[in-house]
Each structure stands twice: as structure tokens, then as C-alpha cells.
Amino acid sequence: MMTRPSLLRRLVLPGIVLVVTILSALVVFAGGSSPTTSSSSSVLISSTVATANRQQRNYVAPPAAYQTGAPNSGAANSSKRVFVNGHLVAYGNKYIKYVAPPAALKSFGEALYMQNCASCHGVAANGVAANGSPDNYPNLRGLGAATIDFWIETGRMPAADPTSVQAPSRIAKLTHGQAIAITSWVDSLAPATPFIPIVNTKTSNVSNGFSLFALNCAACHTITGGGDELAKGTYAPTLRLVQPTQIAEAIRTGPGNMPRFTGNLSDKQVHDIVGYVSNYIEHPRNVGGIGFGGLGPVAEGFITLGIAAVLLLLIAFWIGERT
Amino acid sequence: MAEKTKQQAKSSFGPVGKALDELDDRLGIAKGGRSLLDKIFPDHWSFMLGEVALYSFLILLGTGIFLTLFYVPSSTVVVYHGSYLPLVGQKVSQAYATSIDLTFSVRCGLLMRQMHHWACDIFLAAMVVHMARVFFTGAFRKPRELNYVLGSTLLILGIVEGFLGYSLPDDLVSGTGIRIAFSIIESIPVIGSYIAFFVFGGNYPGPQIIPRFFIIHVLLIPLIMLGMVTAHLFLLVHQKHTQFPGKGRTETNVVGTAMFPVFAAKATGFLFMVGGVITLLAGFAQINPIWQFGPYDASKISYAVQPDWYMGWLDGALRIWPAWEWTGFGYTWPLEIFIPGVVVPGLIFAVVQGWPVLERRYTKDNEIHNLLDLPRNRPKRTAAGAAVFALVTMMFIASSTDVIANYFHITLEAVLWSMRILVVVVPIITYFLTHKICQELQASQGAGKRKRANVVTRTPDGEYLSAPAEPRPGDEHVDLEPEPVPDFLEDPVVVRERKELLSPVSFTGVRNVVR
Amino acid sequence: MSSEERTPVAFSVAKADDPHMQPKAQNPKLAETLIGLVMLAGIGSLIGFAVAYGMNAQSWIMGGTLGAGVLFLGFGITAWGKYLMPQGPFVEERHTMRGTDDERERFKAAVVQRGGGILGRRKLLAMIAGAGMSAFAVVLIIPVFRSFGPLPGNTLNQTNWKQGTMLVDSTGRPIRVNDIAVGGVVTVYPKGLENTDTGQAVDQTILIRVGTEAVVTQQGRESWGPNGYVAYSKLCTHLGCPVGLYEQQLELLVCPCHQSMFTVTNGAEPIFGPAPRPLPQLPLFVGSDGLLRAQGGYDQAVGPGFWNRETSG
Chain A
26 MMTRPSLLRR LVLPGIVLVV TILSALVVFA GGSSPTTSSS SSVLISSTVA TANRQQRNYV
86 APPAAYQTGA PNSGAANSSK RVFVNGHLVA YGNKYIKYVA PPAALKSFGE ALYMQNCASC
146 HGVAANGVAA NGSPDNYPNL RGLGAATIDF WIETGRMPAA DPTSVQAPSR IAKLTHGQAI
206 AITSWVDSLA PATPFIPIVN TKTSNVSNGF SLFALNCAAC HTITGGGDEL AKGTYAPTLR
266 LVQPTQIAEA IRTGPGNMPR FTGNLSDKQV HDIVGYVSNY IEHPRNVGGI GFGGLGPVAE
326 GFITLGIAAV LLLLIAFWIG ERT
Chain B
46 MAEKTKQQAK SSFGPVGKAL DELDDRLGIA KGGRSLLDKI FPDHWSFMLG EVALYSFLIL
106 LGTGIFLTLF YVPSSTVVVY HGSYLPLVGQ KVSQAYATSI DLTFSVRCGL LMRQMHHWAC
166 DIFLAAMVVH MARVFFTGAF RKPRELNYVL GSTLLILGIV EGFLGYSLPD DLVSGTGIRI
226 AFSIIESIPV IGSYIAFFVF GGNYPGPQII PRFFIIHVLL IPLIMLGMVT AHLFLLVHQK
286 HTQFPGKGRT ETNVVGTAMF PVFAAKATGF LFMVGGVITL LAGFAQINPI WQFGPYDASK
346 ISYAVQPDWY MGWLDGALRI WPAWEWTGFG YTWPLEIFIP GVVVPGLIFA VVQGWPVLER
406 RYTKDNEIHN LLDLPRNRPK RTAAGAAVFA LVTMMFIASS TDVIANYFHI TLEAVLWSMR
466 ILVVVVPIIT YFLTHKICQE LQASQGAGKR KRANVVTRTP DGEYLSAPAE PRPGDEHVDL
526 EPEPVPDFLE DPVVVRERKE LLSPVSFTGV RNVVR
Chain C
143 MSSEERTPVA FSVAKADDPH MQPKAQNPKL AETLIGLVML AGIGSLIGFA VAYGMNAQSW
203 IMGGTLGAGV LFLGFGITAW GKYLMPQGPF VEERHTMRGT DDERERFKAA VVQRGGGILG
263 RRKLLAMIAG AGMSAFAVVL IIPVFRSFGP LPGNTLNQTN WKQGTMLVDS TGRPIRVNDI
323 AVGGVVTVYP KGLENTDTGQ AVDQTILIRV GTEAVVTQQG RESWGPNGYV AYSKLCTHLG
383 CPVGLYEQQL ELLVCPCHQS MFTVTNGAEP IFGPAPRPLP QLPLFVGSDG LLRAQGGYDQ
443 AVGPGFWNRE TSG
């Protein structure tokens, strides 16, 4: 007489299958699909120029890497400007303060540069290789402090794979202090604005920021900020792990294929966007349950067909007969 | 069974019996009621898939009524003042504002919204799976062709209804879908722009599309669907359900469980379980987070936007179809929209709807069929169905080209070209593969069925005899000969005490009493 | 439902130990206990839902308690039906659907002879009545459809961009020639229409600064791209999604919906994807006040293809 396997044995295998399915779905979607991570430290060396004189007549501002005539748009024609010994060291307004990297770190930065960057970008930071021939790697002169700082602090530079189409954001190899130092030296070769932005996110109007984000940023980065693949192997990275300073730097300098937003976004608008991204993209309010990485209907379709339909089929299989 | 020789003079069924008598006086339910309660439903598990669709439809109706009591279908611009900060002060449509209020300000509102949306996804999935079961087992054959057409029309209506429904909140993601719908309508040659302007009340976007979508979504289509579902169920009861061939089953009988009480218990229980699964999903799995999408603006767009899964095959077709627009005779023929957006789905639906007629023509089979086919025994039909299913599935996968490219770090170009090739190649391979598998399954004995062991005994003379083993515990009923539903039941307790009188009892769990 | 005649000559009675009446469970008492416990857990969960609702708990708590309660109750009722109720199987005969031959003859006679006879005797009247029904159907359709919306006319071929229209961004601010850095992109609208439906849906334009010198995208468009600015209709020529995605190093506009790619310096020619035509270009000029304006309308109708789309002007 054949005996039926015990209740426990009959339930164990289907139970394991169900648990494994649900866990893998959670890992796939709740863990997010972006390949990039970034966790640069957020403490910026505070400007040492608080004691400097405010305004100077007959002053010629350093060239802007990205020309804009609009005031309060990241260029040195902003409302408030701070000078030390005839050099512009900070400008901006109550929304964003653009601070030059401290000159004192220049020589430290030069040493770090030679160690980490010169092999690609050349000892003169002009993209010329050691053998004298210009290489593929960009000329770093005159790009503005914000540009250099952005690439290093997001971990994209030093590039893990210089031949890849787009350098991914990673855990930064260089610390925040080292990044500022290198920025200081490279900027000193051909000083240019924009300087490093420090955003006052406490006063951000997140509603205005949301609206601007939807118009200007969502087309590449998606409305939930998850990023996606673009043309010819490039991609828009996820925004879920970026520091406010780096968000503002990216907006103002347009790294890689990202367009640069200068005169068409005022400092107030940029600070609104940064406030929205820092508060709501990086901390999405998933009040409805598990967010599935903000992937939208694709994830929902997976859940419907892969989990719900299967679960209901299993229940029907239990209730009904097999013949 | 013992025959009752004389009728009982007076019924002794208690107050319930008296109430039933009163109802019968007024409505005449005794005549047909008994046969209804005795109706036999075969209880194969694959016959329950239509129930999933029915129950999720009921949940859609219930949660939908709740939502209509709060949602305002208007494109009038208002300034949002609520609890979600990134929207406060933004100019949004009233439709969007009330949908956000449902989410954040109405108690249980978010749960209802999510139940409604998950129930919709599951409703369509259940219809697809149920239709597949009907197709692959040949349940659409005479006399059930009309029921099949009703069902496939319900599927089409369900897809439209779902699209209209998720477009109602007027958020950025669904609004993009409405723009695409306008363009598809516009692309119909000669009359396209006329139809588009009539549907939208003018050029895109127009203030009328949300109110019109609303009334179609909550009144017109649900009414039509309710009527069709009622007709679908009526035909099912009138013609009786089909059944798989098996022990005691013929073309002229139905073997299973009676409507009352077993089927009613299982059906009610299943209704609750489907509702439970939907509610649990709605509690733990977020769906359509419209507050993260923001209000719709015709000049705003998000990347990585796909429609809901049941529209995905249309989006995929639109993505992979090459840019073959033709300008001729002074007019523009937007074939790159019209063919994947209108012609291809029209053809697929036409084939699906017309399959009973096509198969009847091809097989010249005009017989009544109440016994189902095993899919393996009809390899051509099974393979054809699998190929069409594979085609639609590949189109569905093609709608997430950018997500695939992003997740697997492949270029967009590579994914798109792969999908263009796969959408042609995979259905062809599927046809031949399925055909072969069916033939293999036919050739093998008892493939896929639960094996019944043979018990081999050796006689003292050295002869070996084999006999099928006893059924597994819990499966003894499989070996039983089906018998008609009895009119009355013996009450074992009463019988023990009063052997002559036979009195009926109510039908709860009868204990295994040893006499 | 079906009107079978059951002549109750002899009733059938099932014996109490009939195997068809037995529950399927091997241990019905244990099954009953377990099912009872599960259903009690369900009731408890439902009470939990009531409490959660009263406390305005988060959605997942309300959903979890309600869902678990309903699920457990459903499981209990189903298990009761499956394991504790009579296991069957039972059978009933199908009644033949078709009527008897006599019934069929009489039915067909009713329809064909009576109906055909009537119509055959009054052929002219039948034709007029038929024509009347068709006319009614046609006439009914006309107002039903025609009242829905205006005729398209030439609306789809037109935009609000005229000679001298000023370009403004979403806040209404005009664009100065020195405002946008090279590699920058702005969504612009005709002045005054940036907050209107038609301005957003039809006139939306993407303005890109690709350089500092004049940009010539096609022959005959030498003056269209002053100071490195080019402007294209933001409506994708595939299905009308806003083409807001600009990759500045590749100088490529990508439509986010179905990934059509347009080369910006080449008149927005589509090089990939389902879009069939280039994005129409808006000719620009820089006014004496340094503000960007349009020289006129687009070179062709914007947006997706439709039947009477104008290909020039």
C-alpha cells in the first residue's frame, strides 16, 4: 500500500520555490538596477576667505569655462563676490555659494595629480601623453574648478577603464581633501569659473524643483531618478546616491554627454532642483509599499505575471483536481 | 441506494424549509431550483482560471466605486495644497489633485487605489491564461463558439478599460500614453485626423479627454462588460462546462461536484483568496506612484516609460517597426504607426476571434464537443497557439528595450536589432518545437500523469501477477464511479435509532461512521 | 435555468456510509481543528485591520491585515469544501441542446413562413421599411459623431510661431544670445503661450547651443542658426513625445519614448529608431536687443505623420 508523503514533505519543496521566487524578485527590484554607486564624503573644506574685502573696482574676473551673460547663473557676474589679494575666491548668493579651492593645497595637489592623473591627462594637464603626442584624454585646463572636482569626487576619475564609452560613478578612490587639492592645482594652471558650488538646500522650494526636474532632467535620468541607457553605449546615471554639491556641479558644467545648464537656470532654480533631488529622489516616499526601484510598469508587470499569477495558479492547483 | 416507496406527508425541514416554501409560492423556485443546486461542475484546477478573472472583476467594481466617490474627472487647473510637499503650489489638473488626495488624505485611499490597479493587472492576466486554457483544450468548439467570442471581446474591452483607467490620474507617465494614443488614431489614412479630433474634442490635448475617458471607464465599458460577463456565465451554465476525458466521463454527462454546497464553498473560498492576494499585494507592493511622477505637461517627459503590461505588446511593436513612412499621391501614409499600432493588433484580434470558424473550416468538424482535447493530441492547434503567444510575448519584451539595455549593459542599438530579429524567429521556432513536443508526448505512455504503481505478487507456483496499487490516501475518490446527486441523505444517528423512518438532514460534514 | 422535467417517481437516498459522501480528509477532526484555527486567525487579522484603520495606520499595515484576514478566511472555507465536505464524484446527464425534429420544424416554420410570408406579400413596403431603418441608423450616427469635436481643418499643419515671435522659457523669461553656454539646452515656447495647452503641446521647441559660430544644418538654412543656436520642434515625428533628451558630445537628440535618434547639426535627421522624418527646424535670428526670435514658422508641419500633412511651408 502506497503511503502519501507527509504533509511537511509535500509543502517543503513548493514553499522553498515560492520563497526563493519572492526573495529574488525583491532583490532584483528593491535593490535597484543601477550599476553605479557613489559615496563621496560631504564635508567641504570651508572657505578661508571670510576675512577678505568684499568688492574691488577695476576687477577682471577669471574666464568662465562655460560662457553665460546671465547674472546669478554660476558665472562670476553674481551678486556677491569675495576677493582675497585681488583674486576672486568666492561668489554667489544666498542660494548657492561658489568657492574656489584653497590655493594652499596647490603643491599637495600637484603631487597627487602626478600620481593619479598624469599618466592619461599628461604632466601639463593638457591631454598630451608623455611621448609628446596628443592623446584621447581631455585637456583639463580652463574647465573650471567645479568640473575637476565633480569627476574626482564622484569616483569617475581616476578612470577604472579609460577605454570605456562612459566612466561610471564609483566609490571615490581619492578622499574629499585629495580631490580639492588636485582641483586646486589643475585650476591654478588656467583659473576659470564655475567654482565649487555649496548649495543651501534648507531653503529649497522642492515644488519648484520638482517641476524643473521634470522639464529638464527627467528626459534622461527618468522622473524617479533611476537613470537609463542612452545612445551608442552612453547612459544617464542614477541620481540616488549623489551629494548636493555634485548635483549642482553636474548641472552647471554638463559632464560628458550631459547638457550644461547655465543662463537658463538661475542659482535659485538650481538650488530648488538640488533640494528636490536630495530629499525626494534620494529618499523616495514609497508610501504604497516596496518601490521596486522606481521602474514603473515593467516591475509591476513582472510582479503580476511572475508572482501574482503564479501564486493564484498554485492556489487553483491546490483547490482543483488533477484529472 | 434505497428507493423511497412513499412520499412523506408533511415536510419536516424546519423554519428554513418554511421560508423556502413561501419563496416558491411567489417565485416558483422549487421547479428549477433543485436542478440548479444539483448542477455539476467539473473541478479540474484549470477550470478555475476564469473564476480568477471573475473575482478580480468584482473587486475592480467594488474598489472602483470607492474611487469614483473621491476622484474628480476634470482638466481644470488648480493649485495643489496637500500633504505631499513637492506638489504644493504646483498647478495641476483637478484629476491629478484628487488622485493625490486619494493617496495621501483619504483613509484607506491609497490601499483602494492600489487594490484597484493590481486587480486590473491580475484581471487581464487571468483572462489571458483562461483564454489560453480554453484555446489549447478546444473548449471553443461547437456549441461554445459564441461564448468564446464573448470571452475574447471581454479581453479586448478589458485592455481598453485598463488603459483608460490608468490614464485618469493625468500624471506624467500615463499622459504620455494618451499623446501616443492620439498619434495612433491620427495615423489612420484618410479619416485619422477626423476621428482623433472627434475623440479628443479638438487638437491634442484638449480639456475634454479626461472627462470622456472617465465616463467611458466607469459607465460605458463596465456596463457592456457586466452584460457580457452575465451572458458568458449564463451560457456556461446553460451549456454546462466541458470536461477532460476520464473515468465515467462521456460526451453526454458531466462529472464533478454539485453546485451546492461543495462548489459554492470552494468558489466562495476562492473569491476570498483572490481578494486576499490582491489586498496583500496592494499593501506591500507599490504600484503606479503618481506622486513621484508629477502632473502631466505636454512638454515634459520621463525616460523609461512603458505602458502597463497588457499594453506592452503594442508599445513593443511600435518600437521595433522600422521607420517606413510613405508619401504618395500627395498624401502621407504613416505606415510606421498605422501598421504596428492598428493593423497588427487588428489582425491578431481577428485571428483570435475567428479561430473557431477557421478551425471548423480546416478540420471540417461540425460535431458537438463536450469533452476536451489534451493539447498534445492536437499538435497543429497547440503549436499555432504557442506561436501566436510567442509572437505577442516577444512584442511585449520589446517594449522594455531600454530597461534591458540598462540592466544588462548592452547598447540600445544591439537590443533593438535583436528584438527585430527575435520577434520573427522565435514564433517560427516555437511552432516547430511545440509541434515536436506534442508528438513526443503522444508517443510516450502516460506522460505527465501521476503514475499508478503496479503491485507484483508471486504465487507459490512461481507465477508473477501484477495489479494496480491502491490509490494514494486522499485520492480514493478518483477510483469511485460517479453517481448522481442523491435527493435525500440518510442521517446515521437517526438511522441507528429509528431504522424505518428516513429523514433528510442538512448537508454538512458527514462523519465516517462505521455501521 | 434549464427546465428539465423531473418526474419524481422514485427518490434516491444516499446511505450514510456511501463513499461519495465521505470527506476527503483522512483525519477529519484534525482537519476541522486546523481549519478552525486558520479562520480564527483570519478573524483576528480582520480585527487588526479595524484597529489599524482606526489608528490611521500606514497603508501596508492596513493592506497586510485586511489581506491576511480575507486570505485566511478564504483558505478556511475552501479547505472545508475540499476536505470536509462529501468528496463525490457526482454525475449528471447533459440534456441535448437541440430541440426535437418536430420542434425544429415548427420553429422554422414560424420564422420563415410567417415572416417570409409577410415580407413577401408586401415587398415594396418591406423595402421601404428596410431603407427607413438604415436611414435611421445612418442619420443617428451623424450627430453622435459630428458633435464630438471640431473638424481638423488645417489645424494640425499650423503652429503659433510667426515672424518675430520671441522665444521664452517655461518661466516666461526671454533668451538672450549670451545666456546659454555651448552644450546647453532649453525648452522654449512662443512668448505668452508658455503656460497654455497649445503652447506646450504644439509649439514646444528645443533650443540647443552647439557652438559659437552660425550653424548651417541643411542647404538653404544658412541664416537659421545664428551664434551657434539651433531650434527644433520638440514633438517627435514618430508619435509626438517631447524629445527632451540631448547628448551634447554626440550632438544627438534622443526621443525618450521609443529611442529615435536625431543628429542636431544635420537638420535633426533620424539615424536610428522608428521616427520617419527629421524634426522640423525653427529658423532663428538675434534681434537688436540681443533676444532670440523666430524668423517665421517651421519648415514643415510638426509632430507625427497624418494623412494631409503638408510637407513644405
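Chains as they are written, first to last, in our numbering: chain A, 26 to 348; chain B, 46 to 560; chain C, 143 to 455.
Glycine included, every Cβ here is placed at the ideal spot set by N, Cα and C.
Can you tell me whether residue i is buried or exposed, with buried defined as 16 or more other CB within 10 angstroms of its CB?
| i | result |
| --- | --- |
| residue 169 (chain A) | buried |
| residue 285 (chain B) | buried |
| residue 141 (chain B) | buried |
| residue 234 (chain C) | buried |
| residue 38 (chain A) | exposed |
| residue 379 (chain B) | buried |
With a CB to CB cut of under 6 Å and the five nearest residues on each side skipped, what residues in its chain are close to residue i?
| i | result |
| --- | --- |
| residue 301 (chain B) | 85, 86, 87 and 88 |
| residue 305 (chain C) | 438 |
| residue 96 (chain A) | 102 |
| residue 66 (chain A) | Bear in mind that the predicted position of residue 66 (chain A) carries a pLDDT of just 30, short of 50, making it unreliable; the figure below should be weighed with that in mind. The residues are 201. |
| residue 203 (chain C) | 194 |
| residue 254 (chain A) | 260 |
| residue 298 (chain A) | 234, 237 and 238 |
Using a Cβ cut-off of 8 Å (strictly closer), state whether residue i contacts chain B.
| i | result |
| --- | --- |
| residue 176 (chain C) | no |
| residue 253 (chain A) | yes |
| residue 272 (chain A) | no |
| residue 206 (chain A) | no |
| residue 224 (chain C) | yes |
Of all the CB atoms in chain A, is at least one closer than 8 Å to the CB of residue i?
| i | result |
| --- | --- |
| residue 195 (chain C) | no |
| residue 391 (chain B) | no |
| residue 315 (chain B) | yes |
What residues from chain B crowd round residue i, counting only those whose CB sits closer than 9 Å?
| i | result |
| --- | --- |
| residue 311 (chain A) | 331, 334 and 337 |
Name the chain B residues that come within less than 8 Å of residue i, Cβ to Cβ?
| i | result |
| --- | --- |
| residue 317 (chain A) | 330 and 331 |
| residue 320 (chain A) | 349 and 448 |
Residue i touches chain B at which residues, Cβ-Cβ below 7 Å?
| i | result |
| --- | --- |
| residue 417 (chain C) | 368 |
Kindly list, in the order they appear in chain C, the residues whose Cβ is closer than 9 Å to that of residue i.
| i | result |
| --- | --- |
| residue 281 (chain A) | 389, 390 and 391 |
| residue 244 (chain B) | 290 and 291 |
Under 7 Å between beta-carbons, which chain C residues line up against residue i? List them in chain order, please.
| i | result |
| --- | --- |
| residue 522 (chain B) | 166, 229, 230 and 231 |
| residue 289 (chain A) | 311, 321, 322, 326 and 328 |
So with Cβ pairs under 8 Å, would you call residue i a contact of chain C?
| i | result |
| --- | --- |
| residue 153 (chain B) | yes |
| residue 464 (chain B) | no |
| residue 344 (chain A) | yes |
| residue 285 (chain A) | yes |
| residue 93 (chain A) | yes |
Only counting the same chain, and skipping five residues up and downstream in sequence, which positions put a Cβ closer than 7 Å to that of residue i?
| i | result |
| --- | --- |
| residue 428 (chain C) | 319, 368, 369 and 434 |
| residue 174 (chain B) | 94 |
| residue 68 (chain A) | For residue 68 (chain A), the predicted model reports a pLDDT of 29, less than 50, meaning its position is unreliable and no value from the coordinates is stated. |
If the cut is a Cβ gap below 8 Å, which residues of chain A does residue i touch?
| i | result |
| --- | --- |
| residue 489 (chain C) | Any question about residue 489 (chain C) goes unanswered here, given that chain C covers just 143 to 455. |
| residue 445 (chain B) | 323 |
| residue 490 (chain B) | The premise fails here: residue 490 (chain B) is roughly 16 Å from chain A at the closest Cβ pair, so nothing lies under 8 Å. |
Can you name the residues of chain A whose CB is closer than 7 Å to the CB of residue i?
| i | result |
| --- | --- |
| residue 280 (chain C) | Those within 7 Å of residue 280 (chain C) in chain A number zero; the least Cβ separation is about 41 Å. |
| residue 220 (chain C) | 344 |
Could you work out which residues of chain C lie near residue i, taking near to mean beta carbons separated by less than 8 Å?
| i | result |
| --- | --- |
| residue 284 (chain B) | 239 |
| residue 513 (chain B) | Correct list: empty, because the minimum Cβ distance to chain C is about 18 Å. |
So with CB distances below 9 Å, who are the chain A contacts of residue i?
| i | result |
| --- | --- |
| residue 161 (chain C) | Residues of chain A passing the Cβ test: none, with the nearest at roughly 16 Å. |
Self-check item: the region 302-318 of chain C: positions lying closer than 7 Å to chain A by Cβ
Solution: 311, 312 and 318
Quiz item: What residues in the region 355-388 of chain C bring their beta carbon closer than 7 Å to a beta carbon of chain A?
Solution: 386, 387 and 388
Quiz item: In chain order, what residues of the region 106-120 of chain B put their CB closer than 7 Å to some CB of chain A?
Solution: none
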